Amino acid sequence: MKVLLSWIREFVDVPESAEDIGKLMSVRGLALEGLEPHGDDVVMDFEVTANRPDCLSTIGIAREIATAYKLPLRSEGDGFSRRRHPAGAEAPALRTSADVIPVTIDDPDLCGRYVGAVADVTVGPSPQWMQDRLMVCGIRPISNVVDITNYVLLELGHPMHAFDLNKLAGRAIKVRRARAGESLTTLDGKARTLDAEVLVIADAERAQAIGGVMGGADSEVSPATRQIVFEAAWFQPKSVRVTAKKLGLRTEASIRFERGADLSAPARAMARACALLAQIGAGTPSGLITDAFPSTPGPRQIPLERRRIAGLLGMEVPDAEIARILAALGFDATPSAHGWIVTPPSWRVDQHRPVDLIEEVGRHYGFEHLPTTFPGVQQAPPPSDPRIARDRRVRTALLGMGCSEAITFAFIEAAAAAPFAVGGAPVALGNPLSEKFAVMRPSLLPGLIDAVSHNRRHGRRDVRLFEIGTRFSPAGESRGVGVAWTGLATPDHWSGGRRDVDFSDIKGVVEQIAAVALVAPSFAETGAPYLVPGRAAKLVVNGRDIGVFGQLDAEVADRRDLPAGDAVYVAELNLDALTAEAPPDTLRATALPKYPAVVRDVSILVADALSAATVRGTIRAAAPNTLIQVREFDRYQGKGVPDGKVSLSFRLTFQSPERTLTDDEVQAGMQRIIDALITGLNAAQR
């Protein structure tokens with residue numbers, strides 16, 4: 022916010038230099054960005070945060086300076102414009118009348134107040150002093166009428182607009198939503214197509230201005246204008262922000278409205294504009310205004326307790342100083358049993374909670390008064406989050422398997438999310454930055470697959486990535502782990518042994534994660550649409566589906582720009598579900614076996630559509646209780662194996678905790694297993 026030092030001094034008699042003022046205000050929360058000499062004057066450029074729209078005005082900055090220097094504030098200024106025009110006319114006192122110009126507000130939620138005043142004018146250039154002030158603050162002078170609205174904007178912080186009354190059909194104003202397809206040429210000369218989200222100021226026939234953003238060319242004030250309507254209104258911040266972004270039209274008016282304008286300011290701004298119009302001889306205000314004020318909100322009252330001030334600031338502030346600061350900033354503070362009941366002024370739209378008031382007290386009392394203290398030492402460590410410990414264990418395991426951790430965006434494009442949104446449509450953003458960030462990820466795999474694609478396009482042959490993060494769906498959020506693997510299963514070695522990653526490798530990763538979670542995994546077929554049928558499975562723990570893994574479908578891989586022929590294996594597990602199925606922290610340990618184990622191998626021919634998990638389940642169901650492990654160690658299709666068949670080999674381990682098993686006992690168990698495979702699965706022993 023650029024403002025002249027001389028303009029500030031119209032409201033507060035501060036003798037200090039611009040440099041000294043800037044230094045003090047910077048530690049009071051109103052940082053000075055720069056100083057620019059302008060003749061005998063200085064232009065001060067303050068950085069105004071988004072929550073302080075009241076400081077986008079000369080009087081707002083003057084109020085902060087007056088509070089910091091403990092000086093009185095002149096709310097009406099020192100009569101600078103009157104001294105420049107001693108012979109200028111006095112504007113009549115404004116009074117409300119329904120006969121001025123009819124104003125209708127269709128949507129009071131979007132336009133909470135509309136003040137209009139009619140004046141006879143003679144359009145011409147504004148006085149040089151007014152032009153100079155506007156130019157040094159970055160606004161181009163246009164005409165006396167328009168310059169007055171901009172002058173009031175800079176002085177009081179409230180936007181205004183002027184219409185040519187004779188260009189308004191029906192000499193009436195209606196504040197309404199735009200009609201679908203309605204068009205308007207704005208003051209910048211651009212034709213804009215509007216929709217129902219845009220609030221417009223219309224006459225009896227068509228839109229004449231975009232509420233809170235910019236006026237229209239059809240009702241623009243010109244040298245031929247003889248009667249005007251001054252507008253000072255209040256528009257809802259969200260409505261103005263959405264409209265300005267939709268139209269790509271950010272103006273000084275929209276900046277102030279979207280941050281939150283003062284609901285009581287339209288009347289003050291109108292009075293100031295009418296006074297300037299009369300003083301500089303640009304026209305004659307009628308003295309009558311239309312004030313459409315659908316509803317008057319009650320005052321905000323905030324309790325402020327002394328103990329909370331001391332507790333948050335870490336120092337005691339005298340009651341008298343608290344009362345002075347609040348009064349200087351325009352707050353009404355009524356003493357109560359434990360402090361004050363504070364009513365913020367209408368221009369302080371950022372004040373809602375006691376902590377907001379405490380910040381104001383701290384700023385102007387001076388944070389430099391805070392005592393120097395050492396932080397307290399916390400003896401007991403904070404309670405650990407079991408989810409963090411779980412993620413750490415899974416991360417350590419995956420790093421130990423040679424995976425690299427990736428961190429991808431939670432927002433992705435809808436096309437990337439579609440194949441993985443098996444639980445319903447992904448959660449869409451209402452106002453995405455771009456189409457690439459249109460939805461929240463339903464899975465970790467889209468980001469990992471894109472990361473694999475990026476690495477492959479840059480010449481990286483072997484890529485093994487994982488990510489631990491949050492997935493989003495309409496039903497809620499869940500924590501998961503995703504893995505993507507392509508290239509060699511093991512690094513190149515001098516012995517020459519090498520092979521590409523396959524289903525057994527990604528299954529091994531899943532088994533290792535299950536082992537870290539201390540759960541007994543089982544596997545079943547899955548119909549995940551993004552995985553290759555027959556090379557995919559799901560992890561099941563205690564009857565609950567935990568996740569899926571397998572080879573990525575070629576069509577999905579092609580859409581993500583993966584090189585043709587690349588076999589990418591992926592896995593994704595629900596860590597929250599895995600944790601829920603994990604045993605309690607207290608585990609029972611078993612003694613080391615005293616008796617030897619007996620190992621037997623069995624090879625069978627089964628239909629190639631039959632999964633190894635089904636065979637494994639049949640083996641366990643038929644086996645005696647001395648069978649402690651079943652492991653598939655070979656799968657073969659080719660010469661010697663009939664079409665439609667597959668050879669599966671399993672290694673079975675038998676052991677008893679009580680005695681050494683005899684060969685006859687083991688053989689009897691093996692025969693039961695073989696009979697069950699032949700009978701139940703139509704298998705043939707090799």
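Each residue of the sequence shown is one higher than the one before, counting from 22 in our numbering. For glycine and all other residues, C-beta sits at the position ideal for the given N, C-alpha and C. Predicted model only: the values in this text are computed from it and were never measured.
- For residue 558, the closest of 564, 549 and 565 by C-alpha to C-alpha distance is 549.
- Under the three-pair Cβ rule at 8 angstroms, the segment 150-165 does not count as touching the segment 196-203.
- Taking 8 angstroms as the cut-off, the beta carbon of residue 248 is found closer than this to the beta carbon of residue 139.
- The segment 230-237 makes no contact with the segment 98-107; the number of CB pairs closer than 8 angstroms stays below 3.
- Counting other Cβ atoms within 10 Å of its Cβ, residue 563 stays below 16 and is therefore classed as exposed.
- Contact between residue 415 and residue 470 does not hold, since the beta-carbon distance rounds to 20 angstroms and is not under 8 angstroms.
- Counting only residues of its own chain and dropping the five nearest sequence neighbours on each side, residue 187 has a CB closer than 8 angstroms to the CB of 246, 247 and 248.
- Annotation: residue 119 to residue 306 spans about 16 angstroms, alpha carbon to alpha carbon.
- According to the DSSP assignment, residue 355 belongs to the beta strand (DSSP E) that extends over 353-356.
- Residue environment analysis places residue 582 among the exposed positions, since fewer than 16 neighbouring C-beta atoms fall within 10 angstroms of its C-beta.
- Judged by their CB atoms, residue 625 and residue 698 are nearer to each other than the 8 angstroms cut-off.
- Here the C-alpha atom of residue 411 lies approximately 13 angstroms from the C-alpha atom of residue 602.
- Of the other Cβ atoms in all chains shown, fewer than 16 fall within 10 Å of the Cβ of residue 388; this residue is therefore exposed.
- Cβ-Cβ distances below 8 angstroms link residue 631 to 667 and 702 in the same chain, with the five nearest sequence neighbours on each side left out; the list follows chain order.
- Note on the segment 615-703: whole beta strand (DSSP E) runs with a minimum of 3 residues are 619-628, 648-657 and 666-675, in chain order.
- In the three-state DSSP reduction, residue 44 falls in the helix class (H, G or I).
- Going by beta carbons, residue 49 and residue 85 fall inside the 8 angstroms limit.
- Here DSSP, grouped into helix, strand and coil, assigns residue 433 to strand.
- Counted as a single uninterrupted DSSP element, the alpha helix (DSSP H) harbouring residue 150 occupies residues 149-157.
- Residue pairing by DSSP places residue 255 opposite 134 in a beta bridge.
- Contact between residue 597 and residue 474 is absent: CB atoms are separated by about 28 angstroms, not below the 8 angstroms threshold.
- Relative to the Cα of residue 115, the nearest Cα in the group 462, 238 and 296 belongs to 296.
- The count of Cβ pairs closer than 8 angstroms, one atom from the segment 393-413 and one from the segment 425-436, stays below three, leaving the stretches out of contact.
- Residue 241 sits away from residue 190, with the two beta carbons spaced by 8 angstroms or more.
- Taking a contact as a CB-CB distance under 8 angstroms, the pair residue 65 and residue 33 does not count as one, their CB atoms being some 13 angstroms apart.
- Pairing residue 344 with residue 320, the inter-Cα distance amounts to about 19 angstroms.
- In this chain, the alpha helix (DSSP H) harbouring residue 383 covers 375-386.
- Considering only 325, 400 and 421, the residue with the shortest C-alpha distance to residue 378 is 325.
- Note: residue 566 is bridge-paired with 561 in the DSSP secondary-structure output.
- With a cutoff of 8 angstroms on beta-carbon distance, residue 287 and residue 492 are scored as not near each other.
- By the Cβ rule, the segment 83-102 does not count as touching the segment 204-224, because fewer than three pairs are nearer than 8 angstroms.
- The Cβ atoms of residue 353 and residue 364 lie closer than 8 angstroms to each other.
- Taking one beta carbon from each stretch, the segment 51-66 and the segment 161-181 have fewer than 3 pairs nearer than 8 angstroms; the two do not touch.
- Cα atoms of residue 360 and residue 609: separation of roughly 60 angstroms, rounded to the nearest angstrom.
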